[in-house]
Each structure stands twice: as structure tokens, then as C-alpha cells.
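Novice: In this note's numbering, the protein residues as written are 7 to 123. Beta carbons are placed, not taken as given, at the ideal position from N, Cα and C, and that holds for glycine. Have a look at this one before I ask anything.
Pasting the structure below:
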């Protein structure tokens, strides 16, 4: 299923790139410059791209989360083999949480500086 959504996202990205270059040059510019058609098509394409990307992110996140949980469960069932994997999984989760929180605080500080000026 992730491969199917990846293919859909790739196709939608290709269509978006082709429509951009068609609209900005040559004979295709005259055809696509009609405001109604361009705005409707662009909005529909962007919404489809956003939906495909959200679905992909969700699927890959679930895949990674389930894999990490199996590593931790394996450490309980067979610690001699799976304990290093579980330790690395927990280290990865901790690292990602710390990086996310530091990026969040950096974003808040930058936002305050920008709003101040």
C-alpha cells in the first residue's frame, strides 16, 4: 500500500511540474492562462497533492512506529538477541523528541524576534 501511495504522489508531482512549465511558456501558456480553469485545476491538484502527502506521512510513520515497538517487544521476549535493537530504538525515540522540542523552542524564539522587528 505505501508503494501505491508513493506512485500516486509521484504522478501528482509530475503533473504539477508539467502544468507549471506548460503555463509559463509557449503555446500552452495561452491555453492555461484562463483564470477559471487555471485556478480550479491548480486548487484541485494542490489539494490532491496535500492529501497524498499526508497519507504517505501517516503510513510511513505507522510503519516506523510498529517496527520500533516490535524491537522493544523482542527485547522482552528474547533479550540476548533483541536488546541492542530495543536500546537503539529507545535512543532514536529520545533523540527525535529532544530535537523536536529544541526546534520548537528555536521557532518560538525566531518568531518573537521577527515580530519584534
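(1) Have a look at residue 42 and residue 63 and give me their C-alpha separation to the nearest angstrom.
(2) Report buried or exposed for residue 68, applying the criterion of at least 16 other Cβ atoms within 10 angstroms of its Cβ.
(3) DSSP three-state call for residue 123: helix, strand or coil?
(4) Residue 53 by DSSP, collapsed to three states: which one?
(5) Given that a residue counts as buried once 16 or more other Cβ atoms are within 10 Å of its Cβ, and exposed if not, what is residue 97?
(6) Under the rule that 16 or more other beta-carbon atoms within 10 Å means buried, what is residue 107, buried or exposed?
(7) Mapping the DSSP letters down to three states, classify residue 19 as helix, strand or coil.
(8) Please report the straight-line C-alpha distance between residue 101 and residue 122, rounded to a whole angstrom.
(9) Verify whether the separation of the beta carbon atoms of residue 58 and residue 78 is less than 7 Å.
Specialist: On the basis of the coordinates in this document:
(1) Residue mapping note: residue 42 aligns to position 36 of the chain shown, counting from 1. Residue mapping note: residue 63 aligns to position 57 of the chain shown, counting from 1. Bear in mind that the predicted position of residue 42 carries a pLDDT of just 49, short of 50, making it unreliable; the figure below should be weighed with that in mind. Their Cα atoms are separated by approximately 32 Å.
(2) Along the chain shown, one-based indexing puts residue 68 at 62. Residue 68 is exposed by the Cβ-count criterion.
(3) If you number the chain shown from 1, residue 123 lands on position 117. In the structure shown, residue 123 sits in coil (DSSP, three-state: anything other than H, G, I, E or B).
(4) Along the chain shown, one-based indexing puts residue 53 at 47. Residue 53 carries a helical assignment under DSSP once its states are collapsed to helix, strand and coil.
(5) Reading the chain shown from its first residue, position 91 is the one you call residue 97. With fewer than 16 other Cβ atoms within 10 Å, it is exposed.
(6) In the chain shown, the residue the question calls residue 107 occupies position 101. Per the 10 Å Cβ criterion, exposed.
(7) The count along the chain shown starts at 1 and reaches residue 19 at position 13. Looking at residue 19 - three-state DSSP - the assignment turns out to be helix.
(8) If you number the chain shown from 1, residue 101 lands on position 95. If you number the chain shown from 1, residue 122 lands on position 116. Roughly 32 Å separates the two Cα atoms.
(9) Position 52 of the chain shown, counted from the start, is the residue given in the question as residue 58. Position 72 of the chain shown, counted from the start, is the residue given in the question as residue 78. Not in contact: residue 58 and residue 78 (Cβ atoms no closer than 7 Å).
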